[in-house]
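Notes for the one structure printed next.
So this is what it looks like as structure tokens:
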């Protein structure tokens with residue numbers, strides 16, 4: 001790259017109307033692009049995050065954060081782009097700009113007259129020009145003209161001025177007393193590399209800048225320009241030497257920061273309200289970026305526990321017992337691996353429709369969306385597919401996940417909901433279909449009110465698994481409440497031949513049976529107390545299914561349930577109370593004994609008990625008993641007893 005250098009001193013920069021043809025048109029600007037964090041600083045109101053199309057009026061400053069950029073468009077088509085750590089404000093008819101170790105671009109159309117840039121040390125006057133300006137308080141100031149001309153003055157130094165032409169750059173130290181001559185800078189390369197050009201739309205002066213590039217090409221061919229070892233890198237127009245042996249001489253303290261790393265814990269993406277994720281959003285999973293309504297933010301990639309540490313610390317900045325109990329922190333999970341997953345974090349997340357997914361060559365096909373305070377749904381709604389992804393995690397740091405029926409999820413191979421925090425809930429009215437694995441984890445309660453059709457459903461909660469209105473079809477179902485109760489209404493979980501059902505409740509497991517015969521391969525239930533809910537006698541036919549229920553001291557209560565099947569195991573530390581237990585008969589009508597009923601307390605049945613192994617720590621009382629073996633710590637009472 002070739003350069004022309006002259007000095008400029010900036011402690012603060014003030015852009016004012018120089019020769020505007022219509023001062024009234026300079027009363028406001030509009031925010032036309034936002035990258036990462038941009039804030040508005042009104043004189044008489046609290047600071048707030050800037051939004052696309054926000055109006056910036058007299059007395060309001062615009063401030064960009066670290067690794068952030070923005071673009072403003074004035075009513076006369078004057079355009080300003082601000083690099084990181086920049087403060088911009090203007091009063092009526094003027095444009096006042098302050099730079100903090102970063103860069104800005106200003107384009108003033110030919111028809112708009114001109115602008116004057118005032119600083120504590122210099123003033124730059126431009127007319128119908130596109131320029132870049134950069135200030136490093138401990139190093140240098142640069143003024144680059146992309147097209148047009150600009151004149152630099154040092155106030156109170158009569159005659160100390162330099163005219164900078166298109167394709168030239170003036171560079172100096174902040175405390176310079178004299179201005180050097182400008183040097184030529186490779187505009188074509190600058191246009192390809194500057195972060196004040198890349199990622200933005202058209203400025204309106206591209207044709208004029210192209211003329212500058214063409215003129216430089218011709219001068220290079222004629223030998224009037226030649227390459228040097230200087231290059232522009234970084235967030236705006238940072239200047240360093242290409243020659244590694246001379247990099248130190250460019251000022252190490254002002255070396256530009258690297259671009260945002262893909263790794264490290266994610267930062268919360270700013271938004272004044274819940275971040276709306278929908279059809280206007282594009283997510284790139286590697287390197288992770290998310291763009292909505294013209295605003296681009298950056299995500300991170302969690303790799304593995306050895307590389308990035310405990311998963312919950314990385315995702316949520318803290319670890320809770322639930323993170324360990326649920327397996328979220330398990331380094332190598334067998335179901336739904338959370339390694340090498342692109343992650344975006346929001347204060348609150350609102351799912352409104354299906355975003356566009358861009359899969360890069362990185363091979364990342366897993367996405368995590370974290371809502372610190374909660375995840376909710378909103379209009380217009382629609383079907384979310386996250387097309388191209390293998391796995392999607394929707395998690396909260398300390399909040400509920402509540403999704404209504406306005407949205408649905410379809411054909412996401414692995415879908416994981418993770419509601420984390422005190423007194424939270426995971427409530428899904430959204431329909432879900434076509435997933436291989438659906439994981440519903442909540443530190444509070446879980447309730448499914450939407451229809452679900454998946455291969456495998458796994459619900460894990462610290463609170464209750466509540467009875468919902470959704471109809472669930474899944475080959476394999478696992479529901480585990482490690483701190484609460486589980487209500488399972490078999491009429492809402494369609495019978496799937498050969499499938500499995502595993503239910504566990506720290507407290508009470510309420511099982512509402514359905515008319516059989518059941519065709520699942522197995523049904524397993526564990527609970528402190530197990531209640532079979534039926535207001536009238538009910539035949540629970542599991543002739544083709546292995547059924548095992550194990551209760552704690554609360555016992556098994558099934559006073560209206562007639563268990564019919566050959567593979568029954570009822571085990572309780574307390575009492576077992578049932579209507580009856582019957583097994584299949586041989587061709588001769590003889591019961592084919594199998595299964596077992598064991599209670600630490602008493603076994604009570606108003607009807608017959610037919611079982612291979614019958615044992616109670618206290619009494620056994622039944623209408624009749626036919627068993628392979630009978631043991632009781634107390635009395636055995638029945639109309640008839642057969643061995």
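In my numbering, the protein residues as written are 1 to 643. Glycine included, each C-beta is placed from N, C-alpha and C at the ideal position.
Would you say residue 280 reaches chain B, if we count a Cβ-Cβ gap shorter than 8 Å as a contact? Judged by its chain identifiers, the structure shown contains no chain B, having just a single protein chain.
Contained beta strand (DSSP E) runs [length at least 3] in the region 375–453, N- to C-terminal order: Within the region 375–453, the complete beta strand (DSSP E) runs of at least 3 residues are 382–384, 391–396, 400–403, 407–410, 414–419, 425–428, 431–442 and 445–448.
Which class does residue 357 belong to by DSSP, given the choice of helix, strand or coil? DSSP places residue 357 in strand when its eight states are reduced to three.
Of the residues 150, 152 and 540, which one's Cα is nearest the Cα of residue 581? Looking at the Cα atoms, 540 is the closest of the given residues.
Mind listing, in chain order, the continuous alpha helix (DSSP H) runs of no fewer than 4 residues lying wholly within the region 294–337? The region 294–337 contains these whole alpha helix (DSSP H) runs: 305–308, 311–316 and 321–325.
Check residue 203 in the structure and name its three-state DSSP category. In this structure, residue 203 counts as coil in the three-state DSSP scheme.
So residue 142 is in the beta strand (DSSP E); what residue range does that whole segment cover? Bounds of the beta strand (DSSP E) holding residue 142 are 141–147.
Does the structure place the region 209–220 close enough to the region 179–188 that three or more beta carbon pairs sit under 8 Å? Between the region 179–188 and the region 209–220 there are three or more C-beta pairs closer than 8 Å, enough to call the two in contact.
Mind checking who residue 39 pairs with in its DSSP beta bridge? Here residue 39 is bridged, per DSSP, to 49 and 63.
Can you check DSSP and say which residues form a bridge with residue 164? Listed as beta-bridge partners of residue 164 by DSSP are 150.
Anyone know if the C-beta pair for residue 415 and residue 446 falls short of 8 Å? In this structure, residue 415 sits away from residue 446, with a CB-CB distance that is not shorter than 8 Å.
Ends of the alpha helix (DSSP H) at residue 187? Note, residue 187: alpha helix (DSSP H), 187–193.
Per DSSP, which one or two residues make a beta bridge with residue 457? According to DSSP, which records beta bridges pairwise, residue 457 is partnered with 438 and 477.
Just the Cα atoms here: how many angstroms apart are residue 437 and residue 79? Approximately 50 Å, taken between the alpha carbons.
If you drop the 5 nearest sequence neighbours on each side, which residues of the same chain put their C-beta closer than 6 Å to that of residue 82? Excluding residues up to 5 positions away in sequence, 64, 70, 88 and 104 lie with their Cβ nearer than 6 Å to the Cβ of residue 82 in the same chain.
Can residue 574 and residue 542 be called in contact, C-beta distance under 8 Å? In this structure, residue 542 does not lie closer than 8 Å to residue 574 by Cβ.
Quick check: what's the CA-CA separation for residue 590 versus residue 399? A straight line joining the alpha-carbon of residue 590 with that of residue 399 spans about 58 Å.
By the 10 Å Cβ neighbour count, where 16 or more other Cβ atoms means buried, how is residue 221 classified, buried or exposed? By the 10 Å Cβ count, residue 221 comes out exposed.
So residue 608 is in the beta strand (DSSP E); what residue range does that whole segment cover? That run of the beta strand (DSSP E) goes 608–616.
Buried or exposed for residue 336, going by 16 or more other Cβ atoms inside 10 Å? Here residue 336 is buried, its C-beta having at least 16 other C-beta atoms within 10 Å.
How far does the beta strand (DSSP E) with residue 89 in it reach, from first residue to last? Segment 86–89, the beta strand (DSSP E) holding residue 89.
Where does residue 47 land, buried or exposed, given buried means 16+ other C-beta within 10 angstroms? Burial state of residue 47 is exposed, judged by a 10 Å Cβ sphere holding fewer than 16 other Cβ atoms.
So, residue 628 versus residue 608, is the Cβ gap smaller than 8 Å? No Cβ-Cβ contact shorter than 8 Å links residue 628 with residue 608.
Do residue 693 and residue 341 have their C-beta atoms within less than 8 Å of each other? Nothing can be reported for residue 693, as the shown portion of the chain is limited to 1 through 643.
Check whether the Cβ atoms of residue 485 and residue 507 lie closer than 8 Å to each other. Contact: yes.
Let me make sure I understand the geometry here. Which of 353, 209, 479 and 309 has the alpha-carbon closest to that of residue 526? Of the listed residues, the one whose Cα sits closest to residue 526 is 479.
Indicate whether the contact test is met: 3 or more Cβ pairs, each with one atom in the region 170–177 and one in the region 201–213, closer than 8 Å. Not touching, per the Cβ criterion.
Residue 22 in three-state terms, based on DSSP: With a pLDDT of only 42 at residue 22, under the threshold of 50, the placement of this residue in the model should not be trusted; the figure read from the coordinates follows. Taken through DSSP and simplified to helix, strand or coil, residue 22 comes out as coil.
Considering only the alpha carbon of each residue, which of 332, 617, 325 and 327 lies closest to residue 307? Closest by alpha carbon: 332.
Unbroken beta strand (DSSP E) run spanning residue 27, endpoints: Per DSSP, residue 27 belongs to no beta strand (DSSP E) and is neither H nor E.
Do residue 126 and residue 146 come within 8 Å of each other at the CB atom, strictly closer than that value? It is not a contact, given that the beta carbons lie outside the stated cut-off.
Which residue or residues does DSSP assign as beta-bridge partners of residue 57? DSSP links residue 57 through a beta bridge to 28.
For the beta strand (DSSP E) that residue 70 lies in, which residues bound it at each end? Looking at the DSSP string, the run of the beta strand (DSSP E) that includes residue 70 is 69–74.
Let me know the secondary structure DSSP gives residue 111 once reduced to three states. Residue 111 falls in the helix class under three-state DSSP.
Cβ distance (whole Å) where residue 449 is taken to contact residue 468 below 8 Å: Contact between residue 449 and residue 468 holds: their C-beta atoms lie close to 5 Å from each other, under 8 Å.
Assign residue 529 to one of two classes, buried (16 or more other C-beta atoms within 10 Å of its C-beta) or exposed (fewer than that). Flag for residue 529 reads buried.
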